[in-house]
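Remarks on the structure that follows.
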Amino acid sequence: MGVLSRGLERRAAALTYDQIAGMIDGVSGGRIAGVVVTDKTALQVATVLACVKAIADGCATPNLTVYREKADGQREKAINIPEYRLLARRPNEWQTSFEWRRQMTVHAALTGAGLSIKVRGDNRRVRELIPVQPGQWDVRRISRYEVRYRCWDEFGLIGEFEPEDVFVLNGLQWDWVKSMNAVTLARSAIGLAMATERSQAAMHGNGLRPSGTYTVTGTLTPEQHDRLTDWIKRQGGPENAGNPLVLDRDAKWMSTALSGVDAQSVETRRLQVEEICRAYGVFPIMVGHSDKTATFASSEAFFAGHVKHTLAPWHRAWTQRMDEMLLDGAGPLYAEFDVRYLLAGSMKDRAVWARTMAEMGIYTRNEIRDEDGKEPLPGLDEPLTPLNTTTKQGNSNDQTGNA
Numbered sequence: 001m002g003v004l005s006r007g008l009e010r011r012a013a014a015l016t017y018d019q020i021a022g023m024i025d026g027v028s029g030g031r032i033a034g035v036v037v038t039d040k041t042a043l044q045v046a047t048v049l050a051c052v053k054a055i056a057d058g059c060a061t062p063n064l065t066v067y068r069e070k071a072d073g074q075r076e077k078a079i080n081i082p083e084y085r086l087l088a089r090r091p092n093e094w095q096t097s098f099e100w101r102r103q104m105t106v107h108a109a110l111t112g113a114g115l116s117i118k119v120r121g122d123n124r125r126v127r128e129l130i131p132v133q134p135g136q137w138d139v140r141r142i143s144r145y146e147v148r149y150r151c152w153d154e155f156g157l158i159g160e161f162e163p164e165d166v167f168v169l170n171g172l173q174w175d176w177v178k179s180m181n182a183v184t185l186a187r188s189a190i191g192l193a194m195a196t197e198r199s200q201a202a203m204h205g206n207g208l209r210p211s212g213t214y215t216v217t218g219t220l221t222p223e224q225h226d227r228l229t230d231w232i233k234r235q236g237g238p239e240n241a242g243n244p245l246v247l248d249r250d251a252k253w254m255s256t257a258l259s260g261v262d263a264q265s266v267e268t269r270r271l272q273v274e275e276i277c278r279a280y281g282v283f284p285i286m287v288g289h290s291d292k293t294a295t296f297a298s299s300e301a302f303f304a305g306h307v308k309h310t311l312a313p314w315h316r317a318w319t320q321r322m323d324e325m326l327l328d329g330a331g332p333l334y335a336e337f338d339v340r341y342l343l344a345g346s347m348k349d350r351a352v353w354a355r356t357m358a359e360m361g362i363y364t365r366n367e368i369r370d371e372d373g374k375e376p377l378p379g380l381d382e383p384l385t386p387l388n389t390t391t392k393q394g395n396s397n398d399q400t401g402n403a
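What follows is the structure, given as structure tokens:
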């Protein structure tokens with residue numbers, strides 16, 4: 001028994017923090033470049049945090065509105081149903097709509113999917129949406145086309161739920177049951193970024209002094225070797241930067257480590273920023289990374305591209321899930337993100353566009369007001385017809401009619 005205990009103690013002592021983190025974290029991405037990449041450790045990389053935040057804020061900041069489509073093709077806000085306040089204001093007792101949408105998007109962007117439990121009232125309408133942490137729920141098949149979701153927390157099992165009792169926001173999927181873990185897919189780029197940051201942090205922690213070999217004349221006893229090693233360590237560190245190092249016994253110092261310039265740390269870190277952004281589908285300029293060739297005009301195009309190519313797929317994933325899983329599916333209710341403020345140009349450009357569209361009769365004036373987020377006014381639903389263009393026969397401006 002004593003031998004077994006000593007063996008277990010040796011094994012426990014051999015585990016590093018990264019190894020323990022890899023075992024206890026709910027979603028693991030593996031080990032790359034000597035570091036454990038998980039959903040939690042990946043967020044410590046500034047680029048991953050910025051990419052996830054750009055996606056999550058882009059899904060949480062726009063106003064979320066539930067509309068009802070009327071028989072005449074018009075639409076109105078469905079403010080008289082409980083789902084309107086549930087989605088637009090307060091999905092549960094502790095969170096606002098902004099906080100809940102941002103948390104769910106962070107879970108989906110990092111681990112592939114975010115899940116909330118539906119709490120129903122007596123009339124079977126959804127009253128609350130309770131988010132579950134990644135690593136505290138799983139999905140399993142019980143037959144070919146039937147699945148069950150099992151959720152738990154630090155207090156034990158919450159329950160096993162059918163698909164209609166949970167709201168799931170999926171990221172990239174390979175099959176219809178589970179989503180692909182974004183951290184696992186991008187673990188090479190994230191792991192190299194973490195390793196580069198750690199190596200530079202260690203270099204700065206040593207006062208920017210690289211490791212090396214200290215050689216002396218003669219043979220050192222084990223005690224002298226240990227004392228000399230401790231002495232050299234005490235001479236290093238940022239607090240001793242600039243202090244002279246006095247050597248005796250014909251000692252020589254030979255550096256054996258690459259400097260930051262030799263290792264091309266800056267170039268590597270720039271490349272990793274671009275690689276992580278490429279994995280998440282986020283333009284580097286959206287995380288504060290741009291090269292010297294970027295101009296204001298190109299930046300404006302990148303901002304518009306971020307809405308169209310990065311946020312639009314996430315918005316569509318959100319709205320279709322809400323339409324089918326929280327609203328009436330094939331009925332007249334549907335949810336929509338208001339992203340007009342993200343695409344709006346300058347006041348001058350908007351004024352010129354509105355006047356042109358209204359005077360040409362392409363848009364009604366109420367449609368222009370709706371584009372600007374304003375309520376319709378009576379008498380502005382008819383399109384204007386320019387005086388110099390008409391399709392009526394016999395008009396003096398009709399070149400094909402009789403003079």
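In full-length UniProt numbering, the protein residues as written are 1 to 403. Glycine included, each C-beta is placed from N, C-alpha and C at the ideal position.
task = Taking the CB atoms as reference points, tell me whether N92 and E128 lie closer together than 7 Å.
result = As a first step, residue 92 must be located in the sequence shown, where it is residue number 92. As a first step, residue 128 must be located in the sequence shown, where it is residue number 128. Yes, the pair counts as a contact, with Cβ atoms nearer than the cut-off.
query = Among the residues of its own chain, which have a CB less than 8 Å from the CB of residue 409, if the five just before and after it don't count?
reply = For the chain, the structure presents residues 1 to 403; residue 409 sits outside this window and is missing.
query = Do you know how far the Cα of P332 is from the Cα of R75?
reply = Within the sequence shown, numbered from 1, the residue matching residue 75 stands at position 75. Within the sequence shown, numbered from 1, the residue matching residue 332 stands at position 332. Near 9 Å, if we compare the C-alpha coordinates of P332 and R75.
message = Please report whether the beta-carbon of L311 lies at a distance below 7 Å from any beta-carbon of chain D.
response = No chain D is part of this structure, which consists of one protein chain only.
inquiry  = With DSSP as the reference, identify every bridge partner of T319, one or two as the case may be.
reply    = The sequence position of residue 319 within the sequence shown is 319, counting from 1. Beta-bridge pairing links T319 to no other residue.
task = Over the uninterrupted beta strand (DSSP E) stretch that includes N63, give me the two end residues.
result = Sequence index remark: in the sequence shown, residue 63 carries index 63 (1-based). Counted as a single uninterrupted DSSP element, the beta strand (DSSP E) harbouring N63 occupies residues 63-69.
key: Buried or exposed (CB count within 10 angstroms, at least 16 for buried), I24   = The residue labelled residue 24 in the question sits at position 24 within the sequence shown. Note that I24 has pLDDT 44, beneath the 50 cutoff, so the model's placement of it is unreliable and no number is given.
Alpha carbon of Y84 to alpha carbon of W152, nearest angstrom = Sequence index remark: in the sequence shown, residue 84 carries index 84 (1-based). Sequence index remark: in the sequence shown, residue 152 carries index 152 (1-based). The alpha-carbon separation between Y84 and W152 amounts to approximately 29 Å.
query = Would you call the segment 37-52 and the segment 180-194 touching, i.e. three or more CB-CB distances under 8 Å?
reply = By the Cβ rule, the segment 37-52 counts as touching the segment 180-194, because three or more pairs are nearer than 8 Å.
key: Own chain, CB closer than 6 Å to W100, minus 5 neighbours either side, in chain order   = On the sequence shown, residue 100 is found 100 positions in, with the first residue counted as 1. Within the same chain, W100 has close Cβ partners P91.
inquiry  = Could you compute how far the alpha carbon of D262 sits from the alpha carbon of E197?
reply    = As a first step, residue 262 is located in the sequence shown; it is residue number 262 there, counting from the start. As a first step, residue 197 is located in the sequence shown; it is residue number 197 there, counting from the start. Low confidence applies here, because D262 scores a pLDDT of 48, under 50, leaving its location unreliable; read the following figure in that light. Straight-line Cα distance between these residues: approximately 16 Å.
key: N- and C-terminal bounds of the alpha helix (DSSP H) containing E83   = Here residue 83 refers to the residue found at position 83 of the sequence shown. Segment 82-88, the alpha helix (DSSP H) holding E83.
request  = State buried or exposed for T385, treating a residue as buried only when at least 16 other CB atoms are found within 10 Å of its CB.
outcome  = The residue you call residue 385 lines up with position 385 of the sequence shown. With fewer than 16 other Cβ atoms within 10 Å, it is exposed.
ask   = Which of helix, strand or coil does DSSP assign to P383?
value = The count along the sequence shown starts at 1 and reaches residue 383 at position 383. Looking at P383 - three-state DSSP - the assignment turns out to be coil, as it is neither helix nor strand.
ask   = Excluding sequence positions up to five away, which residues of its chain have a Cβ less than 7 Å from the Cβ of A78?
value = In the sequence shown, the residue the question calls residue 78 occupies position 78. V66, Y67, R68, Y84, L333, listed in sequence order.
ask   = Using the rule of at least 16 other Cβ atoms within 10 Å of the residue's Cβ for burial, across every protein chain shown, is K70 buried or exposed?
value = Here residue 70 corresponds to residue number 70 of the sequence shown, with the count starting at 1. By the 10 Å Cβ count, K70 comes out exposed.
Classification of L387 by the beta-carbon crowding that lies within 10 angstroms, buried from 16 upward = Looking up residue 387 in the sequence shown gives position 387. Exposed, by the Cβ-count rule.
query = Which runs of the alpha helix (DSSP H) spanning at least 4 residues fall entirely within the segment 334-365, listed in chain order?
reply = If we require 4 residues or more, the alpha helix (DSSP H) runs fully inside the segment 334-365 come out as 340-343, 347-359.
ask   = Can you tell which of A186, I55, E162 has the C-alpha that lies nearest to the C-alpha of V36?
value = Within the sequence shown, residue 36 is the residue found at index 36, counting from 1. Of A186, I55, E162, the residue nearest in Cα terms is A186.
Assigned secondary structure, I158 (DSSP; H/G/I helix, E/B strand, else coil) = For the purposes of this step, residue 158 is taken as the residue at position 158 of the sequence shown. If DSSP states are grouped into helix, strand and coil, I158 belongs with the strands.
task = Take the Cβ of N181 as the centre, count every other Cβ of all protein chains shown within 10 Å, and call the residue buried at 16 or more, exposed below.
result = As a first step, residue 181 must be located in the sequence shown, where it is residue number 181. When all chains shown are included, N181 counts as buried.
query = Across which residues does DSSP place E146 in a beta bridge pair?
reply = Here residue 146 corresponds to residue number 146 of the sequence shown, with the count starting at 1. In DSSP, E146 forms a bridge with S143.
DSSP bridge partner residues for N170 (one or two, in chain order) = By one-based count along the sequence shown, residue 170 stands at place 170. For N170, which the question treats as bridged, DSSP gives the partners A113.
CB contact flag (G171, A108, <7 Å) = Counted from its first residue, the sequence shown places residue 171 at position 171. Counted from its first residue, the sequence shown places residue 108 at position 108. Against a cut-off of 7 Å, the Cβ pair of A108 and G171 comes out as a contact.
query = Counting pairs of Cβ atoms below 8 Å between the segment 302-320 and the segment 52-65, do you hit three or more?
reply = In short, these stretches touch, since the Cβ pair count reaches three.
key: K233 (DSSP reduced to helix, strand or coil)   = Along the sequence shown, one-based indexing puts residue 233 at 233. Helix.
message = Assuming A301 and L343 are in contact, meaning their beta carbons sit under 8 Å apart, how far apart are those beta carbons, in whole angstroms?
response = Taking the sequence shown and counting its residues from 1, the one referred to as residue 301 is at position 301. Taking the sequence shown and counting its residues from 1, the one referred to as residue 343 is at position 343. Taking the Cβ atoms as the reference, A301 lies roughly 12 Å from L343, outside the contact range of under 8 Å.
ask   = Out of curiosity, what's the CA-to-CA distance linking H306 and E324?
value = What you label residue 306 is simply residue 306 of the sequence shown in a count that begins at 1. What you label residue 324 is simply residue 324 of the sequence shown in a count that begins at 1. Cα-Cα distance, rounded: 26 Å.
ask   = Taking DSSP as the reference, what is the three-state secondary structure of P131?
value = Here the question's residue 131 lines up with position 131 in the sequence shown. In the three-state scheme derived from DSSP, where H, G and I count as helix and E and B as strand, P131 is classed as strand.
key: Buried/exposed call for F337, threshold 16 Cβ in 10 Å   = Counting from 1 along the sequence shown, the entry for residue 337 is found at position 337. Under this definition F337 is a buried residue.
request  = Kindly give me the distance between the Cβ atoms of A54 and V282, rounded to whole angstroms, as I take these residues to be in contact under 8 Å.
outcome  = In the sequence shown, counting from the first residue as 1, residue 54 sits at position 54. In the sequence shown, counting from the first residue as 1, residue 282 sits at position 282. Taking 8 Å as the upper bound for CB-CB distance, A54 and V282 are in contact here, some 5 Å apart.
query = Looking at the structure shown, is K53 part of a helix, part of a strand, or coil, going by DSSP?
reply = Counted from its first residue, the sequence shown places residue 53 at position 53. In the structure shown, K53 sits in a helix (DSSP, three-state: H, G or I).
request  = Would you identify the three-state DSSP class for D370, choosing helix, strand or coil?
outcome  = Position 370 of the sequence shown, counting from 1, holds the residue named residue 370. For D370, the secondary structure class from DSSP, reduced to helix, strand or coil, is helix.
task = Label A189 either buried or exposed according to how many other C-beta atoms from any shown protein chain fall within 10 Å of its C-beta, with 16 as the threshold for buried.
result = For this step, residue 189 is matched to residue 189 along the sequence shown. By the 16-neighbour rule on beta-carbons within 10 angstroms, A189 is buried.
key: Cα-Cα separation between R98 and G58, rounded to whole angstroms   = Within the sequence shown, numbered from 1, the residue matching residue 98 stands at position 98. Within the sequence shown, numbered from 1, the residue matching residue 58 stands at position 58. The sequence given here has Phe at residue 98, not Arg. Whole-angstrom Cα-Cα distance: 10 Å.
task = Counting only the same chain and skipping the five closest in sequence on each side, list residues whose C-beta sits under 6 Å from that of A88.
result = As a position in the sequence shown, residue 88 is number 88, starting the count at 1. Same-chain partners within the cutoff: L64, S97.
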